[in-house]
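Report on one structure; see the data block that follows.
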Amino acid sequence: MSSQHTLIVDDDPQVRRMLRSCLEGEGYEVTEAGNGDKIESVVSEADLVALDLNLGREDGLEVARRIRHVSDVPIIMITGKGEMIDRIVGLEIGADDYISKPFHLREVLARIRSVLRRSGTSKTIDPAVGAPATIRFDGFELDPSRRSFRAPDGVEIPLTTGEFDLLVVFTRHPHAVLDRDRIMDLLKGHDCAPNDRSIDNQVARLRKLIETDTRQPRLIKTVRGAGYSFTPTRLDR
Numbered sequence: 536m537s538s539q540h541t542l543i544v545d546d547d548p549q550v551r552r553m554l555r556s557c558l559e560g561e562g563y564e565v566t567e568a569g570n571g572d573k574i575e576s577v578v579s580e581a582d583l584v585a586l587d588l589n590l591g592r593e594d595g596l597e598v599a600r601r602i603r604h605v606s607d608v609p610i611i612m613i614t615g616k617g618e619m620i621d622r623i624v625g626l627e628i629g630a631d632d633y634i635s636k637p638f639h640l641r642e643v644l645a646r647i648r649s650v651l652r653r654s655g656t657s658k659t660i661d662p663a664v665g666a667p668a669t670i671r672f673d674g675f676e677l678d679p680s681r682r683s684f685r686a687p688d689g690v691e692i693p694l695t696t697g698e699f700d701l702l703v704v705f706t707r708h709p710h711a712v713l714d715r716d717r718i719m720d721l722l723k724g725h726d727c728a729p730n731d732r733s734i735d736n737q738v739a740r741l742r743k744l745i746e747t748d749t750r751q752p753r754l755i756k757t758v759r760g761a762g763y764s765f766t767p768t769r770l771d772r
């Protein structure tokens, strides 16, 4: 996935460092700002802005207004627990979402991904673009260009569009643990709520087609509390 640029505007250097480390670990490009000075000149390069509404001597809402005056970049507000009025005003002036302190980093990532998907700025890729003619694993043959999938005996296995794209994603990330948010991030145009179970349903259907025992899956394993891992014995791409 192409790198996305997040601008963090927060007067607390510890918060900035924590967010930067988390986002860069997920492949995002990050720029930090401790205040709203010259915000208009740096926001043009950002795909998303994470903006603390409490910037010490500055009013974060005013910074949000200045951003909106020059850009429609998605804005996620970072607020305190008791700042309900500020959250309402922020949303009214054009912020896209908010996160309340103290926050969990997984929540931050989920909200950033969700806002980018909704805004249409998520730089995802078509799973079939750039893929080889045929991907082989454990006797199965997956052809992204023709969108065909064959069993070890050569019989073609019909897949829905979602099932096919999900299988391509798995073959591109063998042995990696992918959570639902990451999978949705990798699927082109997949825009569903964080609690959506469509990924789980597609995994269940794929298992029925490729596993010899769905109760003890060998190819698409569940990693408890973390996601799914595609673990073929052999993969040729």
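Just so we're aligned: the sequence shown equals residues 536 to 772 in the numbering used here. Glycine included, each C-beta is placed from N, C-alpha and C at the ideal position.
Pair within 7 Å by beta-carbon distance, T541 and V578: no
Straight-line Cα distance separating R641 from D594: 27 Å
Go ahead and label A686 buried or exposed: buried means 16 or more other beta carbons lie within 10 angstroms of its beta carbon, across all protein chains shown. exposed
Does DSSP put N570 in a helix, in a strand, or in coil? coil
What is the C-beta distance between I613 and A585, in whole angstroms, given that I count them as a contact (C-beta under 8 Å)? 6 Å
Selected residue, minimal CA-CA separation from P609, among P767, V704 and E580: E580
The alpha helix (DSSP H) enclosing S774, as first and last residue numbers: Outside the modelled stretch of the chain, which goes from 536 to 772, sits residue 774, for which no answer is possible.
List the endpoints of the continuous beta strand (DSSP E) containing D587. L583 to D587
By the 10 Å Cβ neighbour count, where 16 or more other Cβ atoms means buried, how is R648 classified, buried or exposed? buried
Distance between S683 and G697 (C-alpha atoms, nearest Å): 13 Å
Considering K756, what are the terminal residues of the beta strand (DSSP E) in which it resides? I755 to V758
Q539 burial status per 10 Å Cβ neighbour count (16 or more: buried): buried
C-beta contact flag for D547 and G591 at 7 Å: no
According to the neighbour-count rule (16 or more other Cβ atoms, all chains shown, within 10 Å of its Cβ), is D735 buried or exposed? exposed
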